[in-house]
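Comments concern the structure below.
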Amino acid sequence: MYRSEVPQYGTLMELVADVNAATLTASPALKADLERTDDLERIGLERHGAIRLGTAEELFTIRRLFAVMGMVPVGYYDLSVAGVPVHSTAFRPVRAENLARNPFRVFTSLLRLELIEEEALRAETAAILARRRIFTPGALALIERFEATGGLTSTEADDFVREAVETFRWHSEATVDADTYARLSKVHRLIADVVCFKGPHINHLTPRTLDIDAVQHAMPAHGIAAKDVIEGPPTRRCPILLRQTSFKALEEPIRFQGEGEGQAGTHTARFGEIEQRGLALTRKGRALYDELLSSVRDAGGQGNAGVDYARRLTEAFASFPDDYETLRREGFGYFRYVLTDKGDQVSSAGLDSMPIEALMASGYVDAYPIVYEDFLPVSAAGIFQSNLGGHEQRSFAANANQGAFVEALGSAVEDEFAVYEKAEARSIASVRAGLRHALHHSAA
Ligand code: OOG
Ligand code: NI
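Here the working numbering is used: the first residue of the sequence shown is 168, the next is one more, and so on.
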């Protein structure tokens, strides 16, 4: 659906597929690692999308809708720091085996009406939003069925997908007249985007590339005008967290409510984005990332503007270790531990209780970086800004309200660090179980 709605998305997908294929050919070691961790198969499928909701009820129901697909809210992102009046979470599977089958995430934002200063406008906005129904009756019925029975039959699942897709579709007919749109747009373009349409259209769908610098470089030749700056960490030998860049995709014709056919207008809702994902950082690693990033952005109050931003970023990150061994041993990132072939064939007792370091030193166990599956608030703010036609980012006073968000959502959000910690711990437990199992077999 999105490919037919936004043709440039198809061009982007081809470019990313080409770059990924070339990267894998150039680096057999990377390919082998991705194969080993089951990541290779998912890379061509992997996407994240984004939607923006208007009311607490919409957020509550979207949580239930994503739960049908095994996707739960992870993390809380306060975007008001960048002057964007939303707060957000990301719906995604959390277990490695589920991500391998369903590598999709939806960055989901809720408009914060309380940040609209003018009272009359706030009331008007709330009234417009209260009138819309973004879920089909069929989708609601199937969500209830799922909740009552703990699953759907194959036929019901097909119906569910067909009904659920309707929520994310683009509607060119605005729910308001041109004047209302213009007034809301003036307060914040994002408010108009959320409030004036029938539903929370997917605003971008992002593929994962193995080399974002190569894609960024190749985009102009494919008629894609990327934003100047790649958000996130600089280019490194060992990629960490998430690097992203975006481009404006479409100026869409829309129709406002009004006499006759209604007045014609345009709206820029949808954009394109690509991302490269790297090692998930521990709290310690993340604290260093945040510190280095803000040291660059806060210098001279320039945010990420300025021609030499990329160079300053690279310089600042020189103090962030850039080999997996150090990142792992010093606790900067999360790793998945697996038995080597040698570990599979052990024949001496007691190995299963040896420290992981000793098992690695003896060649029984290998460690692979756990991929970061979440988002970065500073980057997300940059993406919002550039696609709203905003200027460079500056720091605003933080105004987080996780309590209100969670109340609207109707459930807590998972703590992203806890999710990665558990993944690492599970891999260690299965290494130890594997060592016991291997011994048992060789003894038999
Ligand atoms: C979401 C922007 C954030 C990302 O990748 O950080 C985002 C939006 O514009 O609705 O998608
Ligand atoms: Ni995105």
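Each residue gets a CB set at the ideal place from its N, CA and C atoms; glycine is no exception.
Query	Result
Is residue 440 near the ligand NI, with its Cβ less than 7 angstroms from a heavy atom?	yes
Quick check on residue 457: does DSSP put it in helix, strand or coil?	helix
Would the beta-carbon of residue 371 be found less than 7 angstroms away from any heavy atom of the ligand MN?	With respect to small molecules bound, the structure shown includes the ligand OOG and the ligand NI and not the ligand MN.
Any heavy atom of the ligand OOG closer than 7 angstroms to the Cβ of residue 171?	no
With a threshold of 7 angstroms, establish whether the CB of residue 550 neighbours any heavy atom of the ligand NI.	yes
Compute every distance between the C-beta of residue 217 and the non-hydrogen atoms of the ligand NI, then say whether any falls below 7 angstroms.	yes
Tell me which residues share the same chain as residue 479 and place their Cβ nearer than 6 angstroms to its Cβ, disregarding the 5 neighbours each side in the sequence.	463
What do you reckon, is the C-beta of residue 484 under 7 angstroms from a heavy atom of the ligand OOG?	no
Specify the secondary structure class of residue 413 as computed by DSSP and reduced to three states.	strand
Quick one: Cα of residue 182 to Cα of residue 168, how far?	19 angstroms
Can you pull the DSSP bridge partners for residue 535?	503
Quick check: residue 407 and residue 500, are their CB atoms within less than 8 angstroms of each other?	yes
For residue 450 and residue 380, what's the separation of their Cα atoms in angstroms?	27 angstroms
Which word fits residue 514, buried or exposed, when buried means at least 16 other C-beta atoms lie within 10 angstroms of its C-beta?	exposed
Alpha carbon to alpha carbon, what distance is there between residue 180 and residue 389?	11 angstroms
So, does the segment 331-343 touch the segment 357-371, judging by three or more C-beta pairs under 8 angstroms?	yes
Check the C-beta distance from residue 278 over to residue 351 and give it rounded, since I have them as a contact under 8 angstroms.	Actually they are not in contact, since the Cβ atoms of residue 278 and residue 351 sit about 11 angstroms apart, beyond 8 angstroms.
Going by other Cβ atoms of all chains shown within 10 Å of its Cβ, with 16 needed for buried, is residue 249 buried or exposed?	buried
What is the DSSP secondary structure of residue 558, reduced to helix, strand or coil?	The pLDDT assigned to residue 558 is 46, lower than 50, so where the model puts this residue is not dependable, and the model offers no usable value.
Quick one: is residue 599 buried, meaning 16 or more other Cβ sit within 10 Å of its Cβ, or exposed?	buried
Does any residue of chain C have a CB that is nearer than 8 angstroms to the CB of residue 207?	Reference to chain C is not applicable here, since this structure consists of a single protein chain.
If residue 481 sits next to residue 420, beta carbons under 8 angstroms apart, how far is it from one beta carbon to the other, in whole angstroms?	Not confirmed; about 42 angstroms, so no contact.
Work out the CA separation of residue 502 and residue 584 for me, nearest whole Å.	13 angstroms
How big is the Cα-Cα spacing for residue 262 and residue 432?	45 angstroms
For residue 562, which residues in the same chain have their Cβ closer than 6 angstroms to its Cβ, ignoring the five residues on either side in sequence?	Note that residue 562 has pLDDT 41, beneath the 50 cutoff, so the model's placement of it is unreliable and no number is given.
Starting from the C-beta of residue 509, find all residues in its chain whose C-beta is less than 7 angstroms away, skip the five residues before and the five after it, and write them out in chain order.	530 and 531
Straight-line CA distance for residue 606 to residue 597?	14 angstroms
Is residue 533 buried or exposed, if buried means 16 or more other CB atoms sit within 10 Å of its CB?	buried
According to the neighbour-count rule (16 or more other Cβ atoms, all chains shown, within 10 Å of its Cβ), is residue 387 buried or exposed?	exposed
Residue 572: beta carbon under 7 angstroms from a heavy atom of the ligand NI?	no
Using DSSP's beta-bridge definition, name the partner residues of residue 371.	217
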